[in-house]
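Notes follow the structure.
In the working numbering, the protein residues as written are 3 to 438.
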């Protein structure tokens, strides 16, 4: 662990709950905290995860499943959707919810060597690992997360032809033939890829030995349920057009096609409206109208999500459990809407920031010298831990620097105001001092 890293606790479940049954994050219980002091020193070596260089803790190792959790029920959730609809961000936020481990940019353009490597394993899908979540007061569950995507050769800019699926003519990565292949492949309810490693980040490719290793089970896996994504931020992306004839396979027709196929699979299915924080209201309205036109479509649960803001991400995955188990206690839970969940998160942020700032204003000046000295003393303090967990180390440090500087200025002003009284007490017989 680097000397400037927070040594406090990290929220790895990234969830919270209210006092009643109307939960903003499904039915998950309060945040579980992991203190880095509880992590073996061998797992805290520097450089394990370069992309999380603020904490130098490998997310694979921090979020791995311990042997005593092997008996928990496991749900294999497959995330599918239109190109650039936010699949990777959704998976990333769910398996590594702490802001220090969240990446906003993911690429599908890779080298042929990386495509054949153990992480991609010559497949057009990613294994994001297995994480544990608490479902309710009685139940914990494991989630095995899979993302169906499309990898493109960084030389030819054509999709790779996987030796494990039927080949197709190399065309534009978003062509109709490729879309048809994606629909066929991503709606499969069986997966098998021996010796496939968990994906963490792009920098991992080619440097797998630097990262914690979690292998996909060496057997055929059955998908428990699907999350089908729809990007509500913009109608038609300029970089997802068909080449032949200049016509566009837009997101709406693609979504309707793959949704029709998934409904035939008779598996738990949740529709996820992604990028809700950047919503195009017209697109969202048309999306709702499209769902209402079909009696089959409108009965599928719809969750509005923002991966960047970490709103309703847990809810989307948790709904798969509710549909799969169909237990009576789940039917009593009414999830909050996106607007309600957003307001709740804003309030959570306001309260956490206020407590964090108050702690800065109360602490001794010797610990306000810099962020490192502050965290060396207060990293285990609840108000500090909560705020770092919520916004990440970089944003927390920026807030610290802003208010520690104000505190220094206020301390100096207060001392200067007391200076005349101090001088009169120390030098009672000295007359007025002038410039003459």
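Cβ atoms here follow ideal geometry from the backbone N, Cα and C, with glycine treated the same way.
Every value quoted in this text rests on a predicted model; they were computed, and no experiment measured them.
Is the separation between the beta-carbon of residue 285 and that of residue 307 shorter than 8 Å? The count along the chain shown starts at 1 and reaches residue 285 at position 283. The count along the chain shown starts at 1 and reaches residue 307 at position 305. Contact flag unset, no.
> DSSP state of residue 141, grouped into three classes?
Replying inline: As a first step, residue 141 is located in the chain shown; it is residue number 139 there, counting from the start. In this structure, DSSP gives residue 141 a state outside helix and strand, which the three-state scheme calls coil.
When the Cα atoms are used, what is the spatial distance from residue 102 to residue 155? Within the chain shown, residue 102 is the residue found at index 100, counting from 1. Within the chain shown, residue 155 is the residue found at index 153, counting from 1. Their Cα atoms are separated by approximately 29 Å.
Can you check which of these residues, 186, 83 and 201, is closest to residue 123 by C-alpha distance?
Within the chain shown, the letter at position 121 stands for residue 123. If we check each option's Cα against that of residue 123, 201 comes out closest.
Length of the line joining the Cα atoms of residue 214 and residue 346 | In the chain shown, residue 214 corresponds to position 212, counting from 1. In the chain shown, residue 346 corresponds to position 344, counting from 1. Roughly 35 Å between the two C-alpha positions.
Check: What are the start and end residues of the alpha helix (DSSP H) that includes residue 80?
Finding: Within the chain shown, numbered from 1, the residue matching residue 80 stands at position 78. Residue 80 -> not in any alpha helix (DSSP H); beta strand (DSSP E) instead, spanning 76–83.
At least three beta-carbon pairs within less than 8 Å, the region 297–311 to the region 259–274: yes
Original post:
Can you tell me whether DSSP reads residue 308 as helix, strand or coil?
Top reply: Translated into positions along the chain shown, residue 308 becomes position 306. Residue state, collapsed to three classes: strand.
Run through DSSP, which three-state label would residue 190 get?
Numbered from its first residue, the chain shown carries residue 190 at position 188. Coil at residue 190, not helix or strand.
Straight-line CA distance for residue 81 to residue 216? On the chain shown, position 79 is the one that residue 81 refers to. On the chain shown, position 214 is the one that residue 216 refers to. So the two alpha carbons sit approximately 19 Å from each other.
Check your understanding: Where in the region 256–308 do unbroken runs of the beta strand (DSSP E), each at least 3 residues long, occur, reported from the N-terminal end onward?
Key -> 271–276 and 304–306
- Among 109, 106, 271 and 78, nearest to residue 131 - alpha-carbon criterion: Taking the chain shown and counting its residues from 1, the one referred to as residue 131 is at position 129. Ranking the options by Cα distance to residue 131, first place goes to 78.
Exercise for the section: Would you decide whether residue 426 is buried or exposed? Buried here means 16 or more other CB atoms lie within 10 Å of its CB. Expected result: Within the chain shown, numbered from 1, the residue matching residue 426 stands at position 424. The residue in question, residue 426, is exposed, as its Cβ has fewer than 16 Cβ neighbours within 10 Å.
Check residue 228 in the structure and name its three-state DSSP category.
Indexing the chain shown from 1 puts residue 228 at position 226. Three-state result, residue 228: strand.
* What residues match up with residue 201 in a beta bridge as DSSP calls it? -> Counting from one through the chain shown, the residue named residue 201 turns up at place 199. None, per the DSSP bridge assignment.
Is the region 397–414 touching the region 346–363, taking contact as three or more C-beta pairs under 8 Å?
Flag = yes, the region 397–414 and the region 346–363 touch.
Requested in this report: Have a look at 159, 73 and 93 and flag the residue whose alpha-carbon is nearest the alpha-carbon of residue 111.
Outcome: As a working mapping, residue 111 is identified with position 109 in the chain shown. If we check each option's Cα against that of residue 111, 159 comes out closest.
Query raised in the report: With 16 as the cutoff for other CB atoms within 10 Å, does residue 143 come out buried or exposed?
Result: As a position in the chain shown, residue 143 is number 141, starting the count at 1. The residue is buried, with at least 16 neighbouring Cβ atoms inside 10 Å.
With DSSP collapsed to three states, give me the class of residue 233.
If you number the chain shown from 1, residue 233 lands on position 231. In the structure shown, residue 233 sits in a strand (DSSP, three-state: E or B).
Problem - Candidates 152, 162, 233 and 405, of which the one nearest residue 188 by Cα - result: Residue numbering aside, residue 188 sits at position 186 when the chain shown is read from its first letter. It is 152.
State yes or no: is the C-beta of residue 272 within less than 8 Å of the C-beta of residue 318? Residue mapping note: residue 272 aligns to position 270 of the chain shown, counting from 1. Residue mapping note: residue 318 aligns to position 316 of the chain shown, counting from 1. Yes, Cβ-Cβ distance for residue 272 and residue 318 is below 8 Å.
First and last residue of the uninterrupted beta strand (DSSP E) at residue 132:
Here the question's residue 132 lines up with position 130 in the chain shown. Start and end: 127–136.
Taking Cβ to Cβ, would you say residue 351 is nearer than 8 Å to residue 365? Here residue 351 corresponds to residue number 349 of the chain shown, with the count starting at 1. Here residue 365 corresponds to residue number 363 of the chain shown, with the count starting at 1. It is not a contact, given that the beta carbons lie outside the stated cut-off.
Taking the straight line between their C-alpha atoms, what separation do you get for residue 450 and residue 219? There is no way to answer for residue 450, as the model of the chain reaches only from 3 to 438.
Short of 6 Å in beta carbon distance, which residues of its chain neighbour residue 321, apart from the five on each side in sequence? Order them along the chain. Along the chain shown, read from residue 1 onward, the residue named residue 321 stands at position 319. Only 272 and 303 meet the Cβ criterion.
- Straight-line Cα distance separating residue 100 from residue 39: Here the question's residue 39 lines up with position 37 in the chain shown. Here the question's residue 100 lines up with position 98 in the chain shown. Here the model assigns residue 39 a pLDDT of 35, short of 50, so the residue's position is not dependable, and the following value carries that caveat. Here the C-alpha atom of residue 39 lies approximately 17 Å from the C-alpha atom of residue 100.
What is the residue span of the alpha helix (DSSP H) that residue 425 lies within?
In the chain shown, the residue the question calls residue 425 occupies position 423. Element bounds for residue 425: 395–428.
Exercise for the section: To the nearest angstrom, report how far apart residue 341 and residue 196 are at their CA atoms. Expected result: Mapped onto the chain shown, residue 341 falls at position 339. Mapped onto the chain shown, residue 196 falls at position 194. Spanning the two alpha carbons is a distance of roughly 43 Å.
* Asked: Just the Cα atoms here: how many angstroms apart are residue 85 and residue 149?
  -> Here residue 85 refers to the residue found at position 83 when the chain shown is read from its first residue. Here residue 149 refers to the residue found at position 147 when the chain shown is read from its first residue. Taking C-alpha positions only, residue 85 is separated from residue 149 by approximately 12 Å.
_Buried or exposed by the 16-neighbour rule on C-beta atoms within 10 Å, applied to residue 411_ = Position 409 of the chain shown, counting from 1, holds the residue named residue 411. The residue in question, residue 411, is exposed, as its Cβ has fewer than 16 Cβ neighbours within 10 Å.
Next item on the list: Give me the Cα-Cα distance between residue 94 and residue 205, rounded to the nearest whole angstrom.
Entry: Here residue 94 corresponds to residue number 92 of the chain shown, with the count starting at 1. Here residue 205 corresponds to residue number 203 of the chain shown, with the count starting at 1. The alpha-carbon of residue 94 is positioned some 14 Å away from that of residue 205.
Please classify residue 281 as buried or exposed, where buried requires at least 16 other C-beta atoms within 10 Å of its C-beta.
As a first step, residue 281 is located in the chain shown; it is residue number 279 there, counting from the start. Only buried fits residue 281, as 16 or more other CB atoms lie within 10 angstroms of its CB.
With DSSP collapsed to three states, give me the class of residue 176.
Sequence index remark: in the chain shown, residue 176 carries index 174 (1-based). In this prediction, residue 176 has a pLDDT of 46, which is less than 50 and means its spatial position is unreliable; nothing more can be read from the coordinates.
Checklist entry - Residues in its own chain within less than 8 Å of residue 165 by CB, not counting five upstream and five downstream? => result In the chain shown, the residue the question calls residue 165 occupies position 163. Within the same chain, residue 165 has close Cβ partners 124.
Work out the CA separation of residue 228 and residue 194 for me, nearest whole Å. Within the chain shown, residue 194 is the residue found at index 192, counting from 1. Within the chain shown, residue 228 is the residue found at index 226, counting from 1. Straight-line Cα distance between these residues: approximately 17 Å.
Looking only at DSSP bridge pairs, what is residue 1 linked to?
Not covered by the structure: residue 1. The range shown for the chain is 3 to 438.
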